[in-house]
Ligand code: GTP
Ligand code: MG
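In our numbering, the protein residues as written are 1 to 212.
This is the structure:
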């Protein structure tokens, strides 16, 4: 038997099937929208599946642009959820993309770090980690920065459809073990696939509970 719906489940269903609209792209901090509502941001290495997961969460294709080639998202992209506006989702460029020109990597890193550290409206970050690779040092650096800035975050495993169940279990366990050593990390790991929809309901509830 399934568990009864909580208030968050009902609200999540309502908000994520209602109006969600692209607001603006910010290539630099000075172009950020006014910080009037709570924000939840998608962070993670290039190509980990940030834009795909945002689309899946919002239950629509093509809201955020995705690509096979790492480095697709190059600015902070803001999406308004709810009518009237309830909160914003923020798609970010990837970090740790070694193949991009050094200057570009530096620019993105500053943009991401400054936003994550300094944004009052930011209620939670989602730190996405590819199920095939697990946590990398560059993820640990971002996690440490979020700990120091006291910004709560969820570690979210992506592309779960790409690994065997036994591998998935192992990567979930090791990620959870590391989460426990980080003060701002939520202890539960959310395992997702934008391909199959695994974990999307759970992620919606986590976003709602963080934002509202
Ligand atoms: P950048 O914007 O470049 O940092 O990348 P991103 O993190 O936004 O990744 P994006 O969503 O563009 O996805 C990268 C590639 O991974 C695309 O080819 C997606 O189709 C694929 N992808 C994303 N999520 C999944 C998933 O859950 N399963 C599978 N099999 N492929 C996925
Ligand atoms: Mg992207």
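Backbone N, C-alpha and C define an ideal beta-carbon position, used for all residues, glycine too.
- Using a 10 angstroms sphere on the CB of residue 36, the tally of other CB atoms stays under 16, which defines it as exposed.
- Residue 68 has its Cβ nearer than 6 Å to a heavy atom of the ligand GTP.
- For residue 9, the secondary structure class from DSSP, reduced to helix, strand or coil, is helix.
- Bounds of any alpha helix (DSSP H) do not take in residue 59, whose DSSP letter is neither H nor E.
- Where residue 204 is concerned, the enclosing alpha helix (DSSP H) starts and stops at 200 to 211.
- Our two residues, residue 16 and residue 142, have alpha carbons roughly 28 Å apart in a direct line.
- About 6 Å separates the beta carbon of residue 185 from that of residue 153, a gap short enough to meet the 8 Å contact definition.
- Per DSSP, reduced to three states, the secondary structure at residue 190 is strand.
- By the criterion of a C-beta distance shorter than 6 Å, residue 211 is surrounded in its chain by 38, 40, 87, 123, once the five residues flanking it on both sides are discounted.
- According to the DSSP assignment, residue 177 belongs to the alpha helix (DSSP H) that extends over 165 to 179.
- Going by DSSP, residue 48 is part of no beta strand (DSSP E) at all; its letter is neither H nor E.
- In its chain, beyond the 5 residues on either side, 194, 200 have a beta carbon closer than 6 Å to the beta carbon of residue 56.
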